[in-house]
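Asks: So the sequence lines, in the order shown, correspond to chains A and B.
Each residue of the first sequence is one higher than the last, beginning at 3 in the numbering used here.
Each residue of the second sequence is one higher than the last, beginning at 21 in the numbering used here.
For every residue, glycine included, the Cβ atom is placed at its ideal position computed from N, Cα and C.
Once you've had a glance at the structure underneath, I'll fire off some questions.
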Amino acid sequence: MASTKRIAKEFADCTTAPPPGISITLPSDADLHTWHVTVTAPPNSVYAPGRFGLILKMPTDYPFKAPTINFTTRIYHPNITNDSLGNICLALLKSENWKPSSKIINVLEAVRNILVEPMPDDPLEQRIADEYKRDRAEFEKNARAYVERYAKGTVNFVQAPDPKDDKSKNNDKNSGAPAANPGRAAGRQGGSGSGSASRPAPPA
Amino acid sequence: MQAMMNKDAAGTIPPQTRKRKAAEATTSPTPDDTLPNKRPQLTSAGKHQLEGPEAAPPTPLTTTTSHNGNDSHSDADPAADAMDSDDDFMSNLSSEDDMIQEDDSDNDVSNPEDFDFDDEPDLDSGNKDSQQTMKRNYLDIEFKVYRPEDIQKQQDDLVDEVNMILDISKEEAAILLRHFRWNRERLIEDYMDKPRQVLDAAGLAQTAADQPRLQVIPGFMCDICCEDGDGLESFAIKCGHRFCVNCYRQYLSQKIREEGEAARIQCPADGCNLIIDARSLDLLVTPELTERYHELLMRTYVEDKESLKWCPSPDCANAVECGVKKKDLTKVVPTVSCLCGHRFCFGCIYTDHQPAPCELVKRWLKKCADDSETANWISANTKECPKCNSTIEKNGGCNHMTCRKCKYEFCWMCMGLWSEHGTSWYNCNRFEEKSGAEARDAQAKSRVSLERYLHYYNRYHNHEQSARLDKDLYMKTEKKMVELQKQSGMSWIEVQYLQSASQALQTCRQTLMWTYAFAFYLARNNLTEIFESNQKDLEMAVENLSEMFEKPVQDLAQPGLKVDIMDKTSYCNKRRVILLEDTAENLAKGKWTFNVDLVSGAPLVNPTSAPGTSSRR
Ligand SMILES: [Zn+2]
Ligand SMILES: [Zn+2]
Ligand SMILES: [Zn+2]
Ligand SMILES: [Zn+2]
Ligand SMILES: [Zn+2]
Ligand SMILES: [Zn+2]
Chain A
3 MASTKRIAKE
13 FADCTTAPPP
23 GISITLPSDA
33 DLHTWHVTVT
43 APPNSVYAPG
53 RFGLILKMPT
63 DYPFKAPTIN
73 FTTRIYHPNI
83 TNDSLGNICL
93 ALLKSENWKP
103 SSKIINVLEA
113 VRNILVEPMP
123 DDPLEQRIAD
133 EYKRDRAEFE
143 KNARAYVERY
153 AKGTVNFVQA
163 PDPKDDKSKN
173 NDKNSGAPAA
183 NPGRAAGRQG
193 GSGSGSASRP
203 APPA
Chain B
21 MQAMMNKDAA
31 GTIPPQTRKR
41 KAAEATTSPT
51 PDDTLPNKRP
61 QLTSAGKHQL
71 EGPEAAPPTP
81 LTTTTSHNGN
91 DSHSDADPAA
101 DAMDSDDDFM
111 SNLSSEDDMI
121 QEDDSDNDVS
131 NPEDFDFDDE
141 PDLDSGNKDS
151 QQTMKRNYLD
161 IEFKVYRPED
171 IQKQQDDLVD
181 EVNMILDISK
191 EEAAILLRHF
201 RWNRERLIED
211 YMDKPRQVLD
221 AAGLAQTAAD
231 QPRLQVIPGF
241 MCDICCEDGD
251 GLESFAIKCG
261 HRFCVNCYRQ
271 YLSQKIREEG
281 EAARIQCPAD
291 GCNLIIDARS
301 LDLLVTPELT
311 ERYHELLMRT
321 YVEDKESLKW
331 CPSPDCANAV
341 ECGVKKKDLT
351 KVVPTVSCLC
361 GHRFCFGCIY
371 TDHQPAPCEL
381 VKRWLKKCAD
391 DSETANWISA
401 NTKECPKCNS
411 TIEKNGGCNH
421 MTCRKCKYEF
431 CWMCMGLWSE
441 HGTSWYNCNR
451 FEEKSGAEAR
461 DAQAKSRVSL
471 ERYLHYYNRY
481 HNHEQSARLD
491 KDLYMKTEKK
501 MVELQKQSGM
511 SWIEVQYLQS
521 ASQALQTCRQ
531 TLMWTYAFAF
541 YLARNNLTEI
551 FESNQKDLEM
561 AVENLSEMFE
571 KPVQDLAQPG
581 LKVDIMDKTS
591 YCNKRRVILL
601 EDTAENLAKG
611 KWTFNVDLVS
621 GAPLVNPTSA
631 PGTSSRR
C-alpha cells in the first residue's frame, strides 16, 4: 500500500525529532495507522501543566484522506467536545483543507496551538465558547479544574465505547464533573442543545 | 449576465406573467353554510397585483407557471388541466409564440377589473404587445425548468458563440467559460483586452513548451507517497509542486468521484491554492473517470449561476431557473415546481414552505431540533381518551377522534369535546395568549413561552404527521379501489378524484403546517386576524375533506360522496390559495412584523418578550 512508506517516514520524523511537548508511541507494532500521542500543554496555556492523551488514526486511503483525532483525556475547551469522545474541530482536518501532502506533524502542532489559543468562533461546545468570550476568569477556573481532575498523572488512551453515552451523562454521577461542576450547564432544562456534536443542520 | 443565457428570447418578449384563475372559475364552494364569508373572496388572479415590469425579475424568461401546487385548477376542469400540464409547458420552450397562444386558449388571464365578469373576453389575449402591461400576482413565481439536454444545449450555444466571437477552438472556449464562471460578457471583455493573461490564467498556455506533460526527473521523490524509484513519472502545474503521477491520479480520482469537484481542484500541495487547469486534468483523468468528470464540468454551469439551481429531488437531473435573489427572500417565498413533481423553495432548496419565509423556516427547524426532547413527548402517536383514559392511536389524518371503548368524541389537537367544535367550529388554531398578570411571574413566563411554542409545534407537527397518514390512507384506498374496480366495473379514470383529494390534502397540510411556524414568529397587528381566519378556514376545509376521505371504500364509490369529495377538494385548494395570496401580498409589502429579524444572522429574540405575545388583546 502506498501509504505505508509515507506513514513510516512521518512516524520516523515525528519520533526522531519530536516537536515540543509532543510524544508518540505505537499501541501495536503491527499497525502503523494508529498512534498514541501525548500532548503536554504549553506553559503559557491555561491547561499547563496538564498532559493529554490523543488517539490519532489514519484511514486506509491516507494521505488522500485526513487523519482523525480524539482526545482520550477529558478537557474543558471550546473546540473539543466535553465528553468521553473528545472530538476536535480543526480546520486543517476538514476535507476542503486537507491536502495529500499535509503532514501529521503540522496537525499535532495545530492541536497544541489551540490549547494556547482556542477558536471560540468555530466551537464544538457553544456554551464553553460563550463563556470563554464573556467570562474569561470563569472559563479559566473551569479549565483548570478539569486539568486538576483529569490531566494529571498517567495519560490514558482508552476511547469511549459508545457514542450514545453522551445523552445520559447528565445524570451519570460517576463520570461527573469536578466539585465546581464546570461540566454541564446548570439549570438547563428540557434537554436543549448544550450537547456536543448533535447540532442539526439548518436547510442549506 | 442574464442576456447571455437565452439570447434568443432576450429583448424580444417582455416578461410574461399570467395567472390561472380556475380556482375561482367553475366550482363554487360547498360548505357555504358552515362558513360565513368574513371577507371578500380573493381570486388567485384578481385582487392584488402590481405592474409586471417593475415587479418581475429582470430575466429574459418568457414563461410563467402559476405556482399553487397541483391544485388551483385540477378539479375544475380535468381537460384544461391536462392541457396545461408542465409537459406541455416544457415542450414549448423553443417557441414562445406557441406558448402564449396555448396559454390564451386556456383562458386564464384576467385583469383586476374584469375578473368578476367571467364571460367578458380577455381583451389582452392574443395581443403580444399588451403582455407588457400584464399584472403580476404576489403568489406568482416566475421560473423555468430545464432538462439535462436543455442545460447542455445552453452551454453548447454559449461555447459556439464564444468560439465564433473570439476565434478560438471550442475546447478552449469551454475552458475559458468555466474559468469565467460562465460569465460570457466578462470573458469576452477581458479576452479582447489582454488575451495572453486570460489564456494563462485559465491554464491555456500558448507555447508548446508550456503544455502540461508527464516527466521523469532523476532523483525525484514524491512528497505524498515518498516513492523515489527510477523512471517514476511525475507531474506539476505552474506552481512547480511536483508529485508522482499515481498520487496525482489518486488525488484527482478522490476529488472527482467522492467530493464531486472538477472545475476547481487545487494543487495537491499543502497550502497551495492554484487551480489545476483543464488541460492538465484532461491529461491526467483516467478513462473510467472521464464521464463523471464531464458530468461535473457540466454541473458548474448551473452551480455558477445564482439564477439556476438543481432540483433537490434525489433522482432528478433537472435544473430550475428563477430570478429571485437572496436579498429578495424577506419579501417572497419562491416556491418552484420541477417537472418531476417536486415542489421546493428556490431560496433555500427546502421542500415548499409557503407561507413562512426562508429565515423563519431555518429558525423554526433549528428550534424544533434543539427542543426535540420536549417535542418528543408531544409527537408521540398515541393519546389517552380524555374520558376513559384508554389509549387511542391516531391512524388517519383526521382530527375528529372517537374513542373505540367509550365512544367519546374529541379533537385530537386540543383534546376538547368534538361537539363543541361543531358549533363554534375551530377554536383550536389560535393560541390563547396568557394574561399579563401571569406573564409577570418569571416562572410562569418561561412556562408560557414553552406552552406557546408547544401550541404551535403541536399543530405544526400534527399536520406534518397527518399529511403522511393521509398519504398512507390513499395508498391503502388505491389498492382497494383496484379491487373495487374489478368488482363494480368502475374505470380507473372514475376513481382519480381520490388521487386529487389525496394530493390536495397533502399540499394543504403542508401549507397549514408552515402557517403555524409562521404564526409562531408573527407579531400581532391588525392583519393577523385575517391570517388566523384564513388559517382556520383552510384547517376546517382540510379536516372536512380528510374525514370524508377516511370513509370505508364502499362508501367512497358512491356517486354522492364522490361529488362531495370533489367539491371539497377544490374548496380546500381554493382556501389554500386565498391564504397564501394574503400572506404573500403582506410579505411583499412588508406589512408583517415578526418577532425575529428576517435578515439571517440576527440574534434570536425570545418570543415571550416579543411585542406580539406580551401585548394584551
Ligand atoms: Zn502547487
Ligand atoms: Zn506519489
Ligand atoms: Zn425535479
Ligand atoms: Zn426557502
Ligand atoms: Zn374513551
Ligand atoms: Zn380542537
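Return yes when the C-beta of residue 276/B is under 7 Å from any heavy atom of ligand 2, and no when it is not.
Replies: For ligand 2, not one heavy atom lies less than 7 Å from the Cβ of residue 276/B.
Asks: Report, in whole angstroms, the separation of the C-beta atoms of residue 316/B and residue 280/B, which I expect to be a contact under 8 Å.
Replies: Sure, about 6 Å apart at Cβ, within 8 Å.
Asks: So what's residue 300/B in DSSP terms, helix, strand or just coil?
Replies: Note: residue 300/B maps to helix in three-state DSSP.
Asks: Does DSSP put residue 147/B in a helix, a strand or coil?
Replies: Reliability fails at residue 147/B, whose pLDDT of 42 lies under 50, so the model's placement of it is uncertain and the value that follows must be treated cautiously. Residue 147/B: coil per DSSP, three-state reduction.
Asks: So which residues put a beta carbon under 6 Å from any heavy atom of ligand 1, going in chain order?
Replies: Taken from the N-terminal end onward, the list reads 259/B, 261/B, 287/B, 289/B, 292/B, 294/B.
Asks: Leaving out the 5 sequence neighbours to the left and right, which residues in its chain are closer than 8 Å to residue 126/A when beta-carbon positions are compared?
Replies: Within the same chain, residue 126/A has close Cβ partners 80, 81, 82, 83, 89, 90, 91, 198, 199.
Asks: Do you know how far the Cα of residue 70/A is from the Cα of residue 155/A?
Replies: Cα-Cα distance, rounded: 25 Å.
Asks: Which same chain residues, not among the five before or five after residue 167/B, have their C-beta less than 8 Å away from its C-beta?
Replies: These residues qualify, in order along the chain: 110, 337, 338, 359.
Asks: Do three or more CB pairs link the stretch 364–376 of chain B to the stretch 189–196 of chain B at distances below 8 Å?
Replies: These segments do not touch.
Asks: Any beta-carbon of chain B closer than 8 Å to the one on residue 129/A?
Replies: No, its Cβ sits nowhere closer than 8 Å to a Cβ of chain B.
Asks: Note down, in chain order, all residues in the stretch 527–541 of chain B with a beta-carbon under 8 Å from any beta-carbon belonging to chain A.
Replies: Taking 8 Å as the Cβ-Cβ cut-off against chain A, none of the residues of the stretch 527–541 of chain B qualify.
Asks: Which of helix, strand or coil does DSSP assign to residue 214/B?
Replies: Three-state DSSP puts residue 214/B in coil, outside helix and strand.
Asks: Would the C-beta of residue 358/B count as close to ligand 3, meaning under 7 Å from any of its heavy atoms?
Replies: Checking every heavy atom of ligand 3 against the Cβ of residue 358/B, one is found closer than 7 Å.
Asks: Assuming residue 528/B and residue 479/B are in contact, meaning their beta carbons sit under 8 Å apart, how far apart are those beta carbons, in whole angstroms?
Replies: Between residue 479/B and residue 528/B the Cβ distance is about 14 Å, and since that is not below 8 Å, they are no contact.
Asks: Check the Cβ-Cβ distances between residue 101/A and every residue of chain B, and say whether any is below 8 Å.
Replies: Interface residue, yes.
Asks: Given a threshold of 16 other Cβ atoms within 10 Å of its Cβ, counted over all protein chains shown, does residue 139/A qualify as buried or as exposed?
Replies: It is exposed - the Cβ of residue 139/A has fewer than 16 other Cβ atoms within 10 Å.
Asks: DSSP state of residue 2/A, grouped into three classes?
Replies: Outside the displayed range of chain A (3 to 206) lies residue 2/A, so it cannot be described from this structure.
Asks: Excluding the 5 residues flanking residue 354/B on each side, which residues of the same chain have their C-beta closer than 8 Å to its C-beta?
Replies: 161, 163, 342, 344, 348, 365, 366, 367, listed in sequence order.
Asks: Which residue from 586/B, 266/B, 293/B puts its Cα closest to that of residue 98/A?
Replies: Out of 586/B, 266/B, 293/B, 293/B has the C-alpha closest to the C-alpha of residue 98/A.
Asks: Quick check: is the beta carbon of residue 476/B nearer than 8 Å to any beta carbon in chain A?
Replies: It does not; no Cβ of chain A falls within 8 Å.
Asks: Please list, in chain order, the chain B residues whose beta carbon lies closer than 9 Å to that of residue 96/A.
Replies: Under the 9 Å cutoff, chain B gives no residues; its nearest Cβ is about 12 Å from residue 96/A.
Asks: Give a yes or no on whether the C-beta atoms belonging to residue 102/A and residue 232/B are separated by under 8 Å.
Replies: Going by C-beta atoms, residue 102/A is not nearer than 8 Å to residue 232/B.
Asks: Taking a contact to mean a Cβ-Cβ separation below 8 Å, would you say residue 130/A touches residue 60/A in this structure?
Replies: No, these two residues do not count as a Cβ contact at 8 Å.
Asks: Going by DSSP in three states, residue 437/B sits in which element: helix, strand or coil?
Replies: In the structure shown, residue 437/B sits in a strand (DSSP, three-state: E or B).
Asks: Does the beta carbon of residue 243/B come closer than 8 Å to any beta carbon on chain A?
Replies: Cβ-Cβ to chain A under 8 Å: yes for residue 243/B.
Asks: Along the chain, where does the alpha helix (DSSP H) containing residue 70/A start, and where does it finish?
Replies: Unbroken run through residue 70/A is the beta strand (DSSP E), 70–73; no alpha helix (DSSP H).
Asks: For residue 477/B, verify whether its CB is less than 7 Å away from any heavy atom of ligand 4.
Replies: For ligand 4, not one heavy atom lies less than 7 Å from the Cβ of residue 477/B.
Asks: Pair every Cβ in the stretch 482–491 of chain B with every Cβ in the stretch 533–545 of chain B, then say whether three or more of these pairs are closer than 8 Å.
Replies: Short answer: they touch.
Asks: Between residue 153/B and residue 578/B, what straight-line distance do the alpha-carbon atoms span, to the nearest angstrom?
Replies: Reliability fails at residue 153/B, whose pLDDT of 41 lies under 50, so the model's placement of it is uncertain and the value that follows must be treated cautiously. If you take the alpha carbons of residue 153/B and residue 578/B, they lie about 48 Å apart.
Asks: Reducing DSSP to helix, strand and coil, say where residue 88/B ends up.
Replies: The predicted position of residue 88/B is uncertain, since its pLDDT is 41 and thus under 50; a value taken from the coordinates is nonetheless stated next. Three-state DSSP puts residue 88/B in a strand.
Asks: With hydrogens ignored, establish whether the beta-carbon of residue 255/B is closer than 7 Å to any heavy atom of ligand 2.
Replies: No - ligand 2 has no heavy atom lying nearer than 7 Å to the Cβ of residue 255/B.
Asks: Return the CA-CA distance between residue 334/B and residue 49/A, expressed in angstroms with no decimal places.
Replies: C-alpha separation (whole angstroms): 47 Å.
Asks: So, do the stretch 233–247 of chain B and the stretch 17–28 of chain A have three or more beta carbon pairs nearer to each other than 8 Å?
Replies: Touching, no.
Asks: Listed in chain order, which residues of the stretch 262–278 of chain B have Cβ atoms closer than 8 Å to some Cβ of chain A?
Replies: The residues in question are 263, 266, 267, 270, 271, 274.
Asks: Measuring only from the beta carbon, is residue 64/A closer than 7 Å to any heavy atom that is part of ligand 4?
Replies: Checking every heavy atom of ligand 4 against the Cβ of residue 64/A, none is found closer than 7 Å.
Asks: Please name the residues in the stretch 280–295 of chain B whose beta-carbon is closer than 9 Å to at least one beta-carbon of chain A, in chain order.
Replies: Residues passing the 9 Å Cβ filter: 286, 287, 288, 289, 290, 291, 292.
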